[in-house]
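Numbered by the working numbering, the letters in the sequence shown go through residues 106 to 436 in order. Here the structure comes first, spelled out in structure tokens, and everything after it is commentary.
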Amino acid sequence: AKNPVRVLVTGAAGQIGYALVPMIARGVMLGSDQPVILHLLDIPPAAESLNGVKMELVDAAFPLLKGVVATTDVVEACTGVNIAVMVGGFPRKEGMERKDVMSKNVSIYKSQAFALEKHAAANCKVLVVANPANTNALILKEFAPSIPEKNISCLTRLDHNRALGQISERLNVQVSDVKNVIIWGNHSSSQYPDVNHATVTTPAGEKPVRELVADDAWLNSEFIATVQQRGAAIIKARKLSSALSAASAACDHIRDWVLGTPEGIWVSMGVYSDGSYNVPAGLIYSFPVTTQNGEWKIVQGLGIDEFSRKKLDLTAEELSEEKALAYSCLT
Ligand code: NAI
Numbered sequence: 106a107k108n109p110v111r112v113l114v115t116g117a118a119g120q121i122g123y124a125l126v127p128m129i130a131r132g133v134m135l136g137s138d139q140p141v142i143l144h145l146l147d148i149p150p151a152a153e154s155l156n157g158v159k160m161e162l163v164d165a166a167f168p169l170l171k172g173v174v175a176t177t178d179v180v181e182a183c184t185g186v187n188i189a190v191m192v193g194g195f196p197r198k199e200g201m202e203r204k205d206v207m208s209k210n211v212s213i214y215k216s217q218a219f220a221l222e223k224h225a226a227a228n229c230k231v232l233v234v235a236n237p238a239n240t241n242a243l244i245l246k247e248f249a250p251s252i253p254e255k256n257i258s259c260l261t262r263l264d265h266n267r268a269l270g271q272i273s274e275r276l277n278v279q280v281s282d283v284k285n286v287i288i289w290g291n292h293s294s295s296q297y298p299d300v301n302h303a304t305v306t307t308p309a310g311e312k313p314v315r316e317l318v319a320d321d322a323w324l325n326s327e328f329i330a331t332v333q334q335r336g337a338a339i340i341k342a343r344k345l346s347s348a349l350s351a352a353s354a355a356c357d358h359i360r361d362w363v364l365g366t367p368e369g370i371w372v373s374m375g376v377y378s379d380g381s382y383n384v385p386a387g388l389i390y391s392f393p394v395t396t397q398n399g400e401w402k403i404v405q406g407l408g409i410d411e412f413s414r415k416k417l418d419l420t421a422e423e424l425s426e427e428k429a430l431a432y433s434c435l436t
């Protein structure tokens, strides 16, 4: 039998946490033959509720779940973890300035970076979900210099999946037949959902999404806006932000990262830019990636037209500004 993998979920008493931990315990993230030990972290005001989540995990009697560490102690939470899914953060509240929210999250991610660096298992893979996701991941990378930058990522897979979903609805095809959309840039409304390389498997073979949709006006405006604004639309409908889709996307992200992407398919991940596609190096930016043996690689050589170039640059600019704001909070 395989040794259990230790998976940390921070913010585990929150909405996404509640949807995510049963998925991990059922093998959705790491496979149905991979035992897991869950490490759940939240802050003291949520300790009782966190314990309730732990009780439900016991009650669910998941065969793959070999243990639960539920704690408000960052060091205990981070010790020995192989995978860290960082969902905990400080939400923007009414009347708060952007800088105040950033400042709270910078200090959270700085201290969690220290704890992961010191106490996580070697080669721990980190996924940041909490917003501002790209910039929180960047802060984590800065303050955990011994964790290789290739091991630190942020979640844009939800946006990627949303784009697949919109194309499948529009064309009335199965979502599993749509592939290779791209989310470029920030997990924010400046992201660029790009279908220029996306295809659909049809009875007549692989067809470009652009050819099948045959409506550039829709693809270049409404489609993009719908994906960019989907988070807000969910809040409006549910009075709560996306949780089950975010949890599912986090599982997709880690599963593909660890187990590899299928031949011919890429996914979107927020990763440390090496300057590919003239995206400034040193930002955590969402790119198309393929993965193999636990490592991601940015897909190279895709054509970027003028329309796309502007959108790639715009979201990079926003990330550079966020980075500057985050750094201004450090002093
Ligand atoms: P939530 O407010 O229900 O849960 C957040 C949890 O984090 C709370 O239980 C809170 O006590 C905890 N927390 C706060 N500070 C913490 C700290 N220092 N250490 C550990 N835990 C801490 O929020 P929800 O809906 O679960 O969302 C979580 C985050 O994910 C938010 O930042 C949200 O904006 C973000 N998000 C990101 C998405 C993405 O695609 N990247 C999609 C949806 C949400």
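The beta-carbon is built from N, C-alpha and C at its ideal position, and this holds for glycine as well. This structure is a prediction, so every number in the text was calculated from the model and none was measured.
Tell me, please, which residues DSSP counts as bridged to Val332. None; Val332 has no bridge partner.
Would you mind reading off the limits of the beta strand (DSSP E) that contains Glu311? Gly310 to Pro313
Per DSSP, what are the beta-bridge partners of Val112 in this structure? Leu143 and Ile188
Taking Val114 as the reference, give the member of Leu364, Lys415, Asn325 and Ile188 with the closest Cα. By alpha-carbon distance to Val114, the top candidate from Leu364, Lys415, Asn325 and Ile188 is Ile188.
If you count every other CB in all the chains shown that lies within 10 Å of the CB of Phe412, and 16 or more means buried, which is it? For Phe412, the number of other beta carbons within 10 angstroms of its own is below 16, and it is reported as exposed.
Taking a contact to mean a Cβ-Cβ separation below 8 Å, would you say Leu245 touches Val234 in this structure? If you check the CB distance, Leu245 and Val234 do not come in under 8 Å.
Quick check: Gly200 and Ile213, are their CB atoms within less than 8 Å of each other? no
Pair every Cβ in the region 136-153 with every Cβ in the region 369-381, then say whether three or more of these pairs are closer than 8 Å. no
So the candidates are Pro237, Pro313 and Tyr297; which of them puts its Cα closest to the Cα of Glu427? Selected option, being the one with the closest Cα: Pro237.
C-alpha gap between Pro298 and Ile252, whole angstroms: Answer to the nearest angstrom: the Cα atoms are 30 Å apart.
Exposed or buried, what is Thr261 when buried is set at 16 or more other beta-carbons lying within 10 Å of its beta-carbon? Classification of Thr261: buried, given that the 10 Å Cβ count is 16 or more.
Can you give the beta carbon distance from Cys434 to Val211, rounded, assuming they're within the 8 Å contact cut? 4 Å
So is the beta-carbon of Gln139 under 7 Å away from any non-hydrogen atom of ligand 1? no
Any heavy atom of ligand 1 inside 7 Å of the beta-carbon of Ser433? no
Burial state of Leu345 (16 or more Cβ within 10 Å): exposed
Would you give the residue range spanned by the beta strand (DSSP E) that Pro127 belongs to? Element bounds for Pro127: not the beta strand (DSSP E) but the alpha helix (DSSP H), Gln120 to Ala130.
For Thr307, count neighbouring C-beta atoms within 10 Å of its own C-beta (all shown protein chains included) and say buried if the count is 16 or more, exposed if not. exposed
What residue does the beta strand (DSSP E) around Cys259 start on, and which one ends it? Ile257 to Cys259
Answer with buried or exposed for Thr176, where buried requires no fewer than 16 other C-beta atoms within 10 angstroms of its C-beta. Answer is buried; the Cβ neighbour count reaches 16.
Measuring straight from C-alpha to C-alpha, what distance separates Ala322 and His224? 51 Å
Val190 versus Ala355: straight-line alpha-carbon distance, rounded: 8 Å
Looking at Lys215: is its Cβ nearer than 8 Å to the Cβ of Phe167? No, they are not a contact pair.
Measuring straight from C-alpha to C-alpha, what distance separates Leu364 and Val384? So the two alpha carbons sit approximately 27 Å from each other.
From what residue to what residue does the alpha helix (DSSP H) around Met160 run? Ala152 to Ala165
Does ligand 1 have even one heavy atom less than 7 Å from the beta-carbon of Phe412? no
Length at least 3, wholly inside the region 178-264: the beta strand (DSSP E) runs in chain order: 188-191, 230-233 and 257-259
Lys428 in three-state terms, based on DSSP: helix
Tell me which residue opens and which closes the alpha helix (DSSP H) that Ile359 is part of. Leu349 to Leu364
Any chance the CB of Ala106 is under 7 Å from a heavy atom of ligand 1? no
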